[in-house]
Amino acid sequence: MAATRNIKCVVVGDGAVGKTCLLISYTTNAFPGEYVPTVFDNYSSQVIVDGMTVSLGLWDTAGQEDYDRLRPLSYPQTDVFLLCFSVVSPASFENVRTKWYPEIQHHSPGTPIILVGTKLDLRDDPLQLEKLRDRRQAPIQYSQGSAMSNDIKAARYLECSALTQKNLKTVFDEAIRTVLNPNRRAGKAKKSSGCVLM
119 MAATRNIKCV VVGDGAVGKT CLLISYTTNA FPGEYVPTVF DNYSSQVIVD GMTVSLGLWD
179 TAGQEDYDRL RPLSYPQTDV FLLCFSVVSP ASFENVRTKW YPEIQHHSPG TPIILVGTKL
239 DLRDDPLQLE KLRDRRQAPI QYSQGSAMSN DIKAARYLEC SALTQKNLKT VFDEAIRTVL
299 NPNRRAGKAK KSSGCVLM
């Protein structure tokens, strides 16, 4: 039997975009009841993807500015980043380009990124839409996320909901595949010089 591959996956993005909920929902199959600042401990789980056993190490980070100096301490030896924004928070989406991508490039150049739109269940939520309209804003659409993914040369763009678990497993499976198949990713990136669709 082949040796188990260890993969370190670090989750980054603005505070309150759902990073911790994403991890808790994925690892426990249950959505946490209330917002808790980053308290999710580093977690390791055995996952089988495409017939290969992987030990997936999940690292949560705090998105708040107070942690800007501490957060990069978790970046060394990262195999893949999940860069998260909320599809109902245009500010968190803009910070992908202005804050998070530059931070990852500075500390971990060349490490693959999966861009993840979280809180997919709220995109069509009437209350959320009304709040956004009051501020003359709208939810981030798939096409916008896909364009941002191209701009930051992410390996993939995916959207998910930690609440309903829609596409949740796909996010982590694709993160693993991105690490396991670097040649396929690099080959496609060279040809298209943009987003890699697998």
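Those letters in the sequence shown? Residues 119 to 316, per our numbering, in order. We put the CB at the ideal spot given by N, CA and C, even for glycine.
Residue i burial status per 10 Å Cβ neighbour count (16 or more: buried)
i: M316; result: Caution is warranted here: a pLDDT of 45 is assigned to M316, below 50, making its placement in the model unreliable, and the coordinate value is therefore given only provisionally. Exposed.
i: L240; result: buried
i: K249; result: exposed
i: S258; result: It should be pointed out that residue 258 corresponds to Ile in this sequence rather than to Ser. So I258 counts as buried.
i: S204; result: buried
i: P244; result: exposed
i: D184; result: exposed
i: G228; result: exposed
i: K308; result: Confidence at K308 is low in this model, with a pLDDT of 37, below 50, so the placement of that residue should be treated as unreliable; the coordinate-derived value is given next. It is exposed - the Cβ of K308 has fewer than 16 other Cβ atoms within 10 Å.
i: P300; result: exposed
i: A256; result: exposed
Boundaries (first-last residue) of the beta strand (DSSP E) holding residue i
i: Q164; result: Y161 to V167
i: S192; result: It is not in any beta strand (DSSP E) - S192 carries neither H nor E in the DSSP assignment.
i: K88; result: The requested residue 88 is not part of the displayed model; the chain covers only 119 to 316.
i: L176; result: M170 to D178
i: S143; result: Segment K137 to T146 is the alpha helix (DSSP H) holding S143; no beta strand (DSSP E) there.
i: F199; result: V198 to S204
Span of the alpha helix (DSSP H), counted from its first residue to its last, around residue i
i: Y275; result: Note, Y275: premise wrong, no alpha helix (DSSP H); beta strand (DSSP E) at R274 to E277.
i: S210; result: P208 to N213
i: D269; result: Y260 to D269
i: L250; result: P244 to D252
Contact belief for residue i with residue j at Cβ below 8 Å, rounded distance in angstroms
i: V214; j: L200; result: Between L200 and V214 the Cβ distance is about 12 Å, and since that is not below 8 Å, they are no contact.
i: V198; j: T122; result: Contact flag wrong, Cβ pair sits at about 17 Å.
i: T196; j: S163; result: Not a contact, Cβ separation roughly 17 Å.
i: D178; j: K217; result: About 17 Å; that fails the 8 Å criterion.
i: Y275; j: S264; result: 5 Å
Cβ pair residue i, residue j closer than 9 Å
i: I270; j: Y219; result: yes
i: C278; j: L238; result: yes
i: G181; j: G133; result: yes
i: V297; j: P230; result: yes
i: G175; j: I125; result: yes
i: A273; j: M266; result: no
**OP:** Evaluate contact between the region 122–139 and the region 224–241, counting only Cβ atoms and requiring at least three cross-stretch pairs below 8 Å.
**Re:** yes
**OP:** Spell out a yes or no on whether the region 181–195 and the region 285–295 are touching, meaning 3 or more CB-CB pairs, one atom from each, closer than 8 Å.
**Re:** no
**OP:** Mind the definition here: the region 139–147 touches the region 278–288 only if three or more C-beta pairs lie below 8 Å; say whether that holds.
**Re:** Contact between the region 139–147 and the region 278–288 is present, with at least three C-beta pairs closer than 8 Å.
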